[in-house]
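To keep things clear, I will list the structure first and then write my remarks on it.
There are 2 protein chains.
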Amino acid sequence: MSTYADRLKALRDQLKATHLDGFVVPLTDEHMSEYVGSYAQRLAWLTGFQGSAGSAVVLPEDAAIFTDGRYTVQVRQQVSATEWSYQSVPDTSIAQWLKEHAPSGAKIGYDPWLHTADWVKTATEQLAAKGASLVAVGQNPIDKVWTDQPEPSPARLEPHSQNLAGRSSADKRQDIANWLRSEGADAAVIAALDSIAWVLNIRGRDVVHTPVALAFLIVNADATVDLFVDPRKIDADLRNVLGDDVRVHPRADFETALRGNFSGKTVAVDPERSVAAIFQALDEGGATILRRRDPAVLPKAVKNEAEIAGQKAAQARDGAAVARFLKWIEDEAPKGELDEMIAADKLEGFRHEHGDLRDLSFDTISAFGPNGALPHYKGTAETNLPFKPGTLYLVDSGGQYEDGTTDITRTVPIGEPTEEMRDRFTRVLQGHIAIATALFPKGTRGSQLDSFARRPLWDAGLDYAHGTGHGVGSFLAVHEGPQRISPVGSSQSGGDEPLQAGMILSNEPGYYKPGDFGIRIENLVLVVNRDVMGAEKEMLGFETLTFAPIDRRLIDASMLTADELAWLNCYHAHVLDKLGPQLKDADLDWLRDACAPIEAPAG
Amino acid sequence: MSTYADRLKALRDQLKATHLDGFVVPLTDEHMSEYVGSYAQRLAWLTGFQGSAGSAVVLPEDAAIFTDGRYTVQVRQQVSATEWSYQSVPDTSIAQWLKEHAPSGAKIGYDPWLHTADWVKTATEQLAAKGASLVAVGQNPIDKVWTDQPEPSPARLEPHSQNLAGRSSADKRQDIANWLRSEGADAAVIAALDSIAWVLNIRGRDVVHTPVALAFLIVNADATVDLFVDPRKIDADLRNVLGDDVRVHPRADFETALRGNFSGKTVAVDPERSVAAIFQALDEGGATILRRRDPAVLPKAVKNEAEIAGQKAAQARDGAAVARFLKWIEDEAPKGELDEMIAADKLEGFRHEHGDLRDLSFDTISAFGPNGALPHYKGTAETNLPFKPGTLYLVDSGGQYEDGTTDITRTVPIGEPTEEMRDRFTRVLQGHIAIATALFPKGTRGSQLDSFARRPLWDAGLDYAHGTGHGVGSFLAVHEGPQRISPVGSSQSGGDEPLQAGMILSNEPGYYKPGDFGIRIENLVLVVNRDVMGAEKEMLGFETLTFAPIDRRLIDASMLTADELAWLNCYHAHVLDKLGPQLKDADLDWLRDACAPIEAPAG
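Keeping their order, the protein sequence lines are chains X and B. In terms of this note's numbering, the numbers along the first sequence are unbroken and rise by one, the last being 603. In terms of this note's numbering, the numbers along the second sequence are unbroken and rise by one, the last being 1206.
Structure representation (structure tokens):
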């Protein structure tokens, strides 16, 4: 089957053979993961779409692909208009489209291992209006026709040392068991892969850029756990580390366990992080389901001293690699030989030189000129731009080190920047500083801080269409909840999580001029307790964790307040302190210049 | 029945006679009103509690009163500890308390005309865990034992002129009818009293401080309406103004209409603003219920040109009265004869002198020294403090005029203020200015602006425990949704409403030092479109509507940025422009001094 048209036809034949009138194809896995293994790339296989978020619906005569505003252009380049209609979410939802296009009384299939129970409930209700029904399939029909579908990765699991984790797995399991008893529950299902890795102090290699393994976990109220995972992943050494309280079962036995082991028992399940099939199996097995957030999510987000120390060590290494890269760009760009892919490769090389880089923490966004104006740009050979003078280069990248996960964005001028670029960059910097210097009482949510980063842009009638910060894991997912710094929209139920000392977040305001250039300044920050003289509240603030020069050529110092300028000069002094000892010769000279204080403009 | 103990006993006897094991007593009316008529003051009658928010539960042996943090002290002063236990919400909910204290299998009564359907659902589920049930009563048992319960007010309804309303009622009804058709609905129930007044361009006198009348409204898809109201309220002239498309029925017929007229029809009902009995009657009458926000809420919040012009005229008058009052305080306080009640009466007198004051828009908060530290202080003869030098006086007040509703807070020193008072006042002023000068893109919610007002306080480890702004009606409720400026908590479903040009809100940051003093600076602001040179977004901002001097003696100008000082001086120049022509002699001289520009401190 060489063409996407063939694949679509094969799927339709398969649906017909199983008496289905349609099928819904999301881009996720059995763990509601953001990044998925190659075996779960069903949407890309079926349609050719390479973006990181989207879904599709196939009917006998119609087929539609649903993507958000980030992928308006890309989906039209990658997916054939002959077979597919392009739909934009959230304007058109799958359920709305089905309501209009599905034959009345249609049976639409879905894979219950790839949707949340809430999605199934809502979609079922909306289809009912048309007399249509949603039908759970036993096996995903794409898997039946995808003849060369990759196997799930058999990569070995590795222990994550307690020195780096800061707590034993037994201790974490005991905390969850105590919580289960306080909730009157017998067990908790944990399906999120980073939660499983955190609870057991293990790391895997099954998902690109996130060191996790495909598994399910059941934590019992006696603090023992049942781990469902491909047994080939666990060698004798790891088996020994895990201990007797971790019972290992084949991953394929998970559903049977849900159906067979919990009759009359109460089981906590996270509706956001567990698929419909889990709810269904527990329900049919006679369990009482307690809808609760995955009990690992919050403690995982609040880093302990060992994790914070690891993060700082990783940042120092990572910053040195980034600094050398920035100097290299400054040297090489005028020679006219650079392009986005060469630059991204070089940056990865510097990271390898400075530490034991286990993986990138995400695909590097190496974005020149107009490509920088796409906040989620993912470069390909087709989009790769050569560097030419007169615009900006934006590079958003990070590393996975055993002791920490990094994420940093810098924007630098290639050739002479315009006044507009300097004005915009300085406003983004002011927003960045407003977050970095914020003091706020305990209980404050990230949504309450987000606008501090936007105000300097708003003052000029500008904004950016993404959040200001996301949580970051410890040698785990580079996007981690529940903490974030972004507005709470009306579509979100509930607010966001109050910030707590120990949480790590990104601080990344930006500005994007479509077709022209993009700007983003991103450091990671740690939530810390702050002593404020005379304070009546317990106060929190941020400690910046990321150290690399912020390009002085793009800063219009006359726009900065004295406090903002002081922050910048102090930050650069810290950068020199942290990175200087790792650099030498020309690199060190460059760093000294890049970190030199800016004088307050006269006036 | 002279004692509260007698009243509680009478209620218990009544419950026993009707085979109930308990009863829930909220403080609201059949319209989920914030302020209620005297007939609906059941909580105060039963317990003696005079606060504006609370509820009670009565069991055969136990009785509990539930209030929030504002009333911790007051409830203990006003409600007898012999009969009642004090419970604090949100720490303890009624349902939680019932779960602990109600006999297992108990039947707990509630009045379905005084609770939302969602409250009934949640409480029912929580009681079920204990085998207890929630039972709707046919008649409120308090009404049976409250022998001298006042009748609902028979006050006449009056037309609200179209010149002031800016739109005809027919036009408003047509818009709602169009919306109903777009939703596929046959009718909408409108139970909120200010919505009814707005739709019909009528005003009443049934509720203290809010010019509304007790009524229910059904808007039909043909743009006719059915108004359920005491017929004595409508004279021939008003009948004539209302026209034939407004059918008037006795208020008592409302429930019958819900049960009888909508079988097989679809009716839109607002779950936040309509009580459970409305849902129950429609449901039992065979209607399909569409849960939608009251369709008057949003258009009522977005003021038209006539309403904005009326608000500005009302503000000019109101500001002149406040300015004369502030001068009077400055003159009289040193003489040692003032107290909170004398001051509040004098302020009301000035308001009457300057315009046709229909009512206060709420009970004046006239709060001296430590009473000012209670943000929701309601003075009584017992709490009334005489003015003595060395602290602050906070006065939060407003008027209902036919052309607009006002709400203003000023804080002034009595005697010499301390450095701490000046520091705190200046920070509150900086927060006020941060809101007044904010520019933000269309689509921004008030929750995104709230922290701008807090940052100068947060920087010193301080905060205030209330929102920054509430919506305000046009000769209607002084607290109006859906617009507001306050953080979105995790308990609220969905976010708040995006701000739109034409919305009116308060801007009222504060600071409270318990036992010592309180500070609040409140102006009303109008959301307006703003042209920003080079803007890439449609931008909004605030135009300040309230004009009265902000006390210069409390401002530490050395803390202000140049921009903040420029705002203050510009504001005071406007105050002089608007109010000067209405004042004369010594009042005008005082105003000139109070509005004189502050020079930037040297340095």
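Ideal Cβ placement from N, Cα and C applies to all residues, glycine included. If you're wondering where the values come from, they're calculated on a predicted model, not measured in any experiment.
- When the beta-carbon positions are compared, X:Leu591 and X:Leu583 come within less than 7 Å of each other.
- The count of Cβ pairs closer than 8 Å, one atom from the segment 103 to 119 of chain X and one from the segment 75 to 91 of chain X, stays below three, leaving the stretches out of contact.
- Sequence-ordered contacts of the segment 724 to 751 of chain B with chain X are nonexistent [C-beta pairs closer than 7 Å].
- Secondary structure at X:Arg454: helix, using DSSP grouped into helix, strand and coil.
- The beta carbon of X:Asp516 lies closer than 8 Å to those of Gly369, Pro370, Ala373, Thr391 in the same chain, with the five residues before and after it left out.
- Rounded to whole angstroms, B:Ile697 and B:Ala1169 show a C-alpha spacing of 51 Å.
- In this structure, X:Ala5 is the residue among X:Arg70, X:Ala5, X:Thr18, X:Gly431 with its C-alpha nearest to the C-alpha of X:Thr47.
- Against chain X, the beta carbon of B:Pro1044 has neighbours under 9 Å at Arg454, Trp458, Gly461, Leu462, Asp463, listed in chain order.
- The Cβ-Cβ distance between B:Phe1150 and B:Val1128 does not fall below 7 Å.
- Of the residues X:Ala213, X:Arg427, X:Leu588, the one whose Cα lies closest to the Cα of X:Leu560 is X:Arg427.
- Boundaries of the beta strand (DSSP E) around B:Asn1110: 1107 to 1110.
- With a threshold of 7 Å between beta carbons, X:Ala535 makes contact with chain B.
- For B:Ile1153 against B:Leu1032, the beta-carbon gap comes to about 7 Å, under 8 Å, which counts as contact.
- For X:Leu439, the enclosing beta strand (DSSP E) stretches over residues 439 to 441.
- Distance from the CA atom of B:Lys775 to the CA atom of B:Val1081, rounded to whole angstroms, is 21 Å.
- The beta-carbon separation of B:Gly1064 and X:Glu536, rounded to 6 Å, stays under the 8 Å limit for a contact.
- Apart from the 5 residues on each side of it in sequence, B:Thr891 sits with its Cβ closer than 6 Å to the Cβ of Thr869 in its chain, given in chain order.
- At least 7 Å separates the beta-carbon of X:His160 from that of X:Asn220.
- DSSP places X:Gly510 within a strand segment (E or B) once states are collapsed to three.
- In the three-state reduction of the DSSP assignment, X:Met539 falls in the strand class, which pools E and B.
- Counting C-beta atoms within 10 angstroms of its own C-beta, X:Lys233 has 16 or more neighbours from the protein chains shown and is therefore classed as buried.
- For B:Ala826 and B:Gln777, the gap between their C-alpha atoms comes out near 5 Å.
- When rounded, the separation of the alpha-carbon atoms in B:Ala860 and B:Gly1001 is 39 Å.
- Contact of B:Met944 with chain X is not assigned, every C-beta pair being separated by 7 Å or more.
- Straight through space, the alpha carbons of B:Ala909 and B:Leu646 are spaced by roughly 40 Å.
- A residue is called buried when at least 16 other Cβ atoms come within 10 angstroms of its Cβ; X:Arg203 meets this threshold and is buried.
- Taken in chain order, the unbroken stretches of beta strand (DSSP E) that lie wholly in the segment 679 to 767 of chain B and span 3 residues or more are 688 to 691, 710 to 713, 736 to 739.
- Boundaries of the alpha helix (DSSP H) around B:Pro902: 900 to 904.
- For a cut-off of 8 Å, the C-beta gap from X:Leu98 to X:Ala132 is around 7 Å, short enough to register as a contact.
- At a cut-off of 7 Å between beta carbons, X:Met539 contacts chain B.
- For the C-beta of X:Leu347, not a single chain B residue is nearer than 9 Å; the gap to the nearest is close to 31 Å.
- At least 7 Å separates the beta-carbon of B:Ser1161 from that of B:Pro1101.
- Put simply, the backbone Cα of B:Val660 is about 44 Å away from that of B:Ile1036.
- Of the residues assessed, X:Val199 falls on the buried side of the cut-off, its CB having 16 or more other CB atoms within 10 angstroms.
- Take B:Phe928, set aside five residues on each side of it, and the residues of its chain with a beta-carbon closer than 7 Å to its own are Lys949, Leu950, Phe953, in chain order.
- Between X:Tyr401 and X:Ala314, the C-beta gap is smaller than 7 Å, which places the two residues in contact.
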